Each structure stands twice: as C-alpha cells, then as structure tokens.
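Chains as they are written, first to last, in the working numbering: chain A, 1 to 366; chain B, 367 to 675.
What follows is a short report on a single structure.
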Amino acid sequence: MAFLELHNLAKSYGRVQALRDVSLRLEPGAIGLVGNNGAGKSTLLKVLLGLLRPDAGDGSILDLSILHETARVRGLVGYMPEITATVPLLKGAEFVTLSGDLYGMPHREARRRAHEVLNYVGLGELRYRRLDEYSSGNLQRLKLAAALVHDPQLLLLDEPTNGLDPSGRTAMLRTVEDLIAETGKSVILCTHLLGDVERICEQIVVLREGTVILSGKMDNLKQATSRCYDLMWDGDGTEFVRALKRAGTEISTLSTRSNSPNSLHATQDPETDTKSENSSPSIQGSRNLRGRNANTIRVTVERDWATHSFFQMAKESGIILRRLKPVEENLHDLFLRVTAHDSLDQFRGLPSPALELGESNSHDSA
Amino acid sequence: MSLSPSEQSSGIDLARYHGWHGTLRNRWAGCLAMVRVSLLQVIRRKLYWLVLALGFSMFLIYWSLIYALAQLNLPEFSEQILSRFQFNVSPTPGVESGYVQFMNQQSVVVMLLLALSGSQLVGADFRLRSLTFYLSRRIDRGQYIVGKLLAVSTLISALTVLPALLLFFEYGAFTTGREYWLANWQVIPAVLGYGAVMCFTLSLMLTTISAYLQKMAPIAITWSCLFVLLKTIAVKMARETGNSHWLLLDLWSNILFTGRMFFGVFPERNDGLVVGMNHAIAACSVLVIVCTICTFLLVRRVRAVDVVE
C-alpha cells in the first residue's frame with residue numbers, strides 16, 4: 001500500500017524551478033529525504049504539509065489529496081520544524097497543550113495528552129519549567145512531543161538531531177526508532193545527517209535540483225551498490241584507470257570511509273588537488289597516500305565482477321596493485337556519487353542517470 | 367502469579383507510547399487557544415501587572431462608589447454624587463453618558479498597555495519565529511490573524527467593555543424597580559458597539575505594527591507617534607489653518623467619535639474645535655481606510671513567513 005504518492009509535481013518560484021516532475025510512490029515506514037541545499041526538500045515538505053500548492057501535478061498522502069484536503073492532511077501529520085519555534089513565557093506542558101489545541105483537539109484532551117507525550121519523550125520531570133530554561137536537546141524533545149500530541153499517522157521531522165550533542169542525538173534517534181517500532185507510525189526524516197537516515201530509515205528519497213534522482217528501499221540500495229573496492233597502486237595509473245572505465249566500472253574518489261560519514265561534503269586533500277591538475281582527467285581526484293606514485297581510488301563494479309580482473313588490468317597497465325580491499329558502500333558514499341554525478345561526468349563523458357532502486361540499479365545506469 | 371485483567375487495566379505505563387482516538391474539532395477553535403495563551407503571556411510579565419492595576423483601579427473606584435451610595439440608601443442623591451465624578455448613569459440631552467466617559471478614561475490605559483504588550487502578543491511570534499509553530503499546526507494564516515486580533519481585542523474588552531457593563535449592571539441592580547433598566551437599556555448595545563470599534567481598530571493597528579516592528583521600543587514609539595503626535599499635529603494645524611478637516615489626522619479621537627455614535631452623542635471637543643455629525647462620519651471613513659491598509663499589510667507580512675525553512 002502506498003501511503004504517499006506524487007505524480008509529476010512541479011513548483012517554481014519565478015524563474016527558479018524548485019520541483020521538477022517529481023513522481024514518488026512510498027510505502028509506510030521510515031523515509032529519509034535528503035539532498036543538498038536548494039535541492040527542493042523544503043518545497044516538497046511544504047507541498048506535503050499542504051502549505052504550498054504545486055504549479056502542476058497532484059498527489060495524495062494517507063489517501064488524502066494534497067491539493068484539496070490540506071487541512072485534513074495536517075490533522076494526520078505531525079510536523080517538527082527545524083528551528084526552535086516555541087512560544088515565549090509558556091511552560092513545557094502548556095506549549096504541548098497549545099499544540100494539541102491548534103491541531104483541533106478538545107482542550108481537556110489536549111492537556112491530558114500533553115502530559116502523556118511529555119512523559120513518553122522523557123520530559124516528564126521538566127514539564128512545568130518555562131521554555132527558556134530548556135536545553136537544546138530538551139527543546140528538540142519538546143518539539144517532538146508537540147508534533148506527537150494528536151497522535152498523527154505520519155511524522156515529518158525536519159533535522160530532529162540538529163544542534164544536539166552525541167548523547168542527545170543518540171537519545172533522540174532512539175526515541176524515534178522506538179516510536180516507529182512500537183506504533184508503526186510513518187516518519188519522513190529530512191536531514192543532512194546521512195548517518196541518521198541510515199540508522200532509522202527503510203526508504204530514501206534523494207533530491208537534486210528539484211528532481212528525484214534516487215528513491216527506493218534502503219535494502220535494495222545497499223544490495224545494488226555493495227560491490228565496491230578500494231584500490232591502491234604504485235606507478236602511473238592513467239592507463240589502469242582507462243582500462244577500468246572501459247570495463248564499465250564506476251570510479252569514485254571523492255571520499256574515504258575515514259572522512260566524516262555525516263558530512264555531505266567530501267574532504268579534498270590539497271596535495272591531491274595539486275596533483276590532479278597535472279594528471280590526466282581520468283585520474284583526477286586520486287589521492288596520494290604514500291609518496292608521489294601511490295594512488296587510491298574507489299571502484300564500484302557489477303555484482304558478477306571477477307576480482308582477478310583488477311590484477312589482470314594492472315598487469316596490462318604496467319602497475320603493481322598494493323591494496324585491493326572490498327568495502328561496503330555506505331549511504332554517504334552513495335549520496336556523494338549520485339549527487340556529484342555532473343562533476344564526475346565531465347571526466348567520463350557519461351550522461352547523468354536517474355536511479356530507481358528496485359527497478360534498475362546504479363550499474364545499469366552507468 | 368499472573369495479574370487479573372482488572373489489575374492489568376488499572377496499571378499505568380508512562381514509558382510506552384499510547385495512542386489517542388478522539389475527534390478533532392473545527393480549526394477555528396484554535397483561535398480560542400491563541401487567545402488563552404496570549405492572555406497567559408501578558409499575565410506572566412510583571413510589567414503589565416502595573417498597567418492592568420492602573421486600568422482596574424478606575425473601575426474599582428466607580429464600583430465602590432456605586433456600592434457605597436447604595437448602602438447609604440440615598441437614591442435621590444446618588445446620581446448627583448456620581449455626576450460629580452463625571453459618571454452620569456442617566457444621561458440627559460447635552461450631558462454625556464458616564465459609561466462613555468468611563469470608556470474614554472479607560473482608553474488611556476488601554477493605549478499604554480497595548481504599546482507595551484504588542485511585542486509580547488504579536489511581535490514575539492515573528493521575532494522568535496513562533497509563527498512557524500502556529501502555522502505548522504492545522505490552522506491557516508487567516509485563522510492565525512483572527513486569533514491574534516481576538517487576543518488583543520480580549521485585552522481591550524477586559525479594560526473597557528467588561529467593566530462598563532459591570533458598572534451598568536451594578537447600578538441597575540441597586541435601583542428599585544425596572545425603570546432604570548427600561549430607560550437605559552440602550553447602554554448595552556452602545557457599550558458593545560463602542561467596544562467593537564475600539565477593539566477592531568486598535569487590535570488591527572497593533573497587530574500590524576507589531577508584526578513589522580516586533581520589539582517593544584519601536585512599537586511603543588510608533589504607537590505614541592500615531593496616537594499622541596498625530597493628535598498634537600492635527601489640533602495645531604486645525605487651529606492655525608481654521609480647517610477642521612485636519613482633525614481627521616487624530617486617530618485616537620476618530621475612534622472615540624466613531625464609538626460615541628453608538629450612544630447618539632456628538633459633543634464638542636475639549637479643545638474647543640467644533641465637531642458635528644459630518645465629522646463623525648468622516649472620522650469613521652478615516653478608520654475604515656486605516657483598517658483596510660492595515661489588513662493588506664498584515665496579510666502580506668504573515669504570508670511572507672516560511673513555515674518550512
């Protein structure tokens with residue numbers, strides 16, 4: 001059963017096209033919505049909340065039209081905003097009660113329910129404190145309680161772990177995980193922290209420039225992209241890289257697993273950049289690890305790829321492989337590979353594909 | 367040993383999530399919640415206690431006076447004594463109703479309270495981005511605006527309409543027979559009408575100004591300019607040029623004159639400038655124009671706020 005369906009959704013602000021032909025069909029569960037700044041995440045959230053009418057296309061959420069039943073949609077959706085949008089001078093319980101009132105709950109019910117959800121998110125002891133006395137972590141929990149007060153079927157969480165310390169982040173994620181496991185609620189997690197998405201979500205939607213470039217189940221995604229290798233060699237690898245590309249592999253060198261897995265931005269080694277300027281386009285971005293001739297790349301291959309082919313190619317290219325290490329591509333690597341397609345394509349001369357996991361995989365598109 | 371079903375149902379488990387299966391009310395009910403919370407916010411700031419105390423002191427004085435006169439049981443003198451305090455409970459032609467006077471006196475305190483509380487009631491929603499919270503719930507922008515107007519109006523009514531009606535009922539309750547009620551029943555719709563003009567115009571103006579300026583100092587300065595500086599300029603210009611149309615710049619008096627129309631009185635200004643029926647209608651027109659501009663600006667300002675950032 002699809003609980004969220006969008007058909008050819010488009011929205012523009014003047015000349016800026018925020019959403020282009022967005023079509024999605026998502027099943028209930030935890031869904032990660034990711035994309036770079038300006039990718040169209042906020043616009044999509046506004047459309048889902050019924051705050052913005054799309055220029056074209058239509059869709060439904062929980063079997064309600066996002067065009068014609070916006071008020072009812074918001075009655076079934078709990079939204080936790082990214083910013084600290086609280087009402088000054090109120091106490092925790094009053095704030096959550098107000099949230100229930102604004103959702104349309106009878107006041108007495110809202111008040112009772114506020115205490116219940118505050119206990120659930122772990123703020124039972126702090127419910128009579130003024131909001132200006134809450135820490136950032138507690139404010140995030142409070143916002144979650146305010147979104148949960150009317151027992152929505154879907155939670156839209158916008159950067160729920162933003163500004164939290166590691167323990168606060170873990171606690172928040174655990175609460176959301178428990179909520180999904182206990183109640184079966186659907187959650188759309190909109191975040192820049194791919195670690196959070198990887199931990200919680202079963203499905204993912206990646207947006208780039210208003211277009212859905214990747215959507216589907218996380219399991220399919222991992223299955224489809226699990227054959228990756230880190231290769232390191234001594235000598236001039238130009239011919240080797242060319243051979244790899246001719247064999248249909250996908251080369252990605254924008255990040256390593258040692259880089260921060262939660263950052264969307266790859267850390268570039270200045271030395272690498274200098275080197276890449278002087279090298280051929282096919283090995284741009286390769287990382288100098290051990291002296292001038294030691295290079296490393298990450299290669300994504302098809303599932304039936306024979307590992308010894310690497311040695312064969314290396315031998316034919318006149319280099320010695322110093323490392324061949326299978327790695328599991330995580331969401332961070334995949335995100336960078338998918339969203340950085342344009343920049344990589346200029347070196348490869350390949351078209352930028354849209355990936356639909358479950359129907360085709362990244363290798364097919366490459 | 368296993369628990370019986372009654373023991374199991376009587377237990378509580380706060381650590382687990384419990385669903386809610388009620389029915390949601392109409393979205394307009396959210397406006398009432400906004401009113402309640404806004405009043406709570408005002409009560410929680412000690413600065414406003416002082417102004418509220420000032421506002422209620424006048425009411426308490428009149429209340430006590432009426433009560434004391436009723437206890438002295440001197441019905442033939444009570445009206446005269448009250449009129450000495452500018453409170454004519456049974457106005458005669460040419461003499462303004464005490465309820466009008468009372469509401470005029472109260473409007474000074476209302477102006478002061480609104481100048482100080484605008485930042486709290488409305489400005490904070492924009493400054494601290496609480497508006498995102500409101501608009502991400504079920505209410506829409508129109509309902510938010512109505513909720514805020516109702517909140518400010520409630521505050522104004524609590525200092526003007528409600529005390530005036532209470533004084534009317536108190537005096538009536540202490541008179542013998544039904545004569546007072548029958549002779550003065552028009553006071554009720556007149557007080558309500560005057561209150562409605564005051565509430566609508568002042569709440570709309572305050573909400574608009576606070577939505578744009580947000581902080582207490584700029585709101586208070588602008589408020590003072592609109593109601594005190596413009597009044598001074600209007601009177602000066604009318605005196606210097608001999609053209610009473612300049613008086614239409616005086617927004618505060620425009621509200622008072624429009625409100626007085628409900629009592630059917632068009633008295634002279636205390637600065638000696640002549641005002642008649644035409645001026646009252648012109649004053650009403652000015653208020654309509656001001657309110658239209660405020661509505662346009664307020665809607666524009668609220669629409670500019672992004673719920674998802």
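Idealized CB from N, CA, C, for every residue including glycine.
Every value quoted in this text rests on a predicted model; they were computed, and no experiment measured them.
Flagged as an interface residue toward chain A: B:Phe499, by a C-beta distance shorter than 9 angstroms. Only residues of its own chain outside the window of five on either side were considered, and among them Ile251, Val299 and Met313 have a CB closer than 7 angstroms to the CB of A:Leu244, listed in chain order. Interface with chain B (9 angstroms Cβ-Cβ cutoff): A:Val34 is excluded.
Among the residues of chain A, those whose CB is under 7 angstroms from the CB of B:Tyr383 are Tyr120, Leu179, Glu182 and Thr183, following chain order. Its chain contains Val518, Leu521, Ile522, Leu568, Leu572 and Trp589 as the residues whose beta carbon lies nearer than 8 angstroms to that of B:Leu480, once the 5 sequence neighbours on both sides are disregarded; these appear in chain order.
Residues of the stretch 122-134 of chain A that bring their beta carbon within less than 7 angstroms of a beta carbon in chain B comprise Gly124, in sequence order.
Between A:Leu19 and A:Gly40 a beta carbon distance of about 5 angstroms is seen, short of the 8 angstroms cut, so the two are scored as contacting. Within 10 angstroms of the beta-carbon of B:Thr498 lie 16 or more other beta-carbons, which makes it buried.
Interface residue (Cβ-Cβ distance to chain B less than 9 angstroms): A:Met105 is classified as such. For A:Gly163, not one C-beta of chain B is nearer than 9 angstroms to its own C-beta.
Annotation for B:Gln467: the continuous alpha helix (DSSP H) segment containing it runs Gly464 to Gly484. For B:Val512, there are no C-beta contacts with chain A under 9 angstroms, since the nearest C-beta of that chain is about 13 angstroms from it. Chain-ordered, the chain A residues with CB closer than 8 angstroms to the CB of B:Gly388 read Met105, Pro106 and Glu109. Interface annotation, A:Asp63: not in contact with chain B, CB-CB separation never under 9 angstroms.
Residue contact check for B:Gln580 against chain A: no CB pair falls below 9 angstroms. Bounds of the alpha helix (DSSP H) holding B:Pro529 are Val527 to Phe540.
Interface annotation for the stretch 63-79 of chain A against chain B: Ala71, Arg74, Gly75 and Tyr79, criterion Cβ-Cβ distance under 7 angstroms.
A:Ala146 has a beta carbon lying within less than 9 angstroms of a beta carbon in chain B.
Collapsing the DSSP output to three states places A:Asn295 in a strand. DSSP places A:Ser135 outside both helix and strand once states are collapsed to three, so it counts as coil. The stretch 657-669 of chain B makes contact with the stretch 499-512 of chain B: 3 or more CB pairs, one atom from each, lie closer than 8 angstroms. Looking at the DSSP output, A:Gly59 sits in a beta bridge with A:Leu6. Of all alpha-carbon atoms in B:Val527, B:Gly513, B:Cys657 and B:Gly559, the one lying nearest the alpha-carbon of B:Leu398 is that of B:Gly513. Taking the beta carbon of B:Gly396 as reference, the chain A residues within 7 angstroms of it are Asp101, Leu102 and Gly104, listed in sequence order. Under the Cβ distance rule, B:Asn392 counts among the residues neighbouring chain A, one pair being separated by less than 9 angstroms.
At a beta-carbon threshold of 7 angstroms, the residues of chain B lying near A:Glu116 are His384, ordered along the chain. Counting C-beta pairs closer than 8 angstroms gives fewer than three between the stretch 112-124 of chain A and the stretch 73-81 of chain A, which falls short of the contact rule. The beta carbon of B:Leu494 sits closer than 9 angstroms to some beta carbon of chain A. DSSP places B:Met603 in no beta strand (DSSP E) but in the uninterrupted alpha helix (DSSP H) bounded by Leu596 to Thr607. Contacts between A:Pro88 and chain B, judged by CB atoms closer than 8 angstroms, involve Gln407, Gln486, Ala490, Leu494 and Ser496 in chain order. By the rule that beta-carbons nearer than 9 angstroms mark a contact, A:Leu9 does not touch chain B. Under the DSSP assignment, B:Leu416 falls in the alpha helix (DSSP H) whose first and last residues are Lys412 to Leu438. Residue contact with chain A for B:Ala399: present (Cβ-Cβ distance below 9 angstroms to some residue of chain A). Identification of chain A residues near B:Arg410 by a Cβ-Cβ cut-off of 7 angstroms yields Leu89, ordered along the chain. If one requires a minimum length of 3 residues, the beta strand (DSSP E) runs lying completely within the stretch 191-245 of chain A are 203-208, 211-217 and 228-234, in chain order. Here A:Asp158 is bridged, per DSSP, to A:Cys190.
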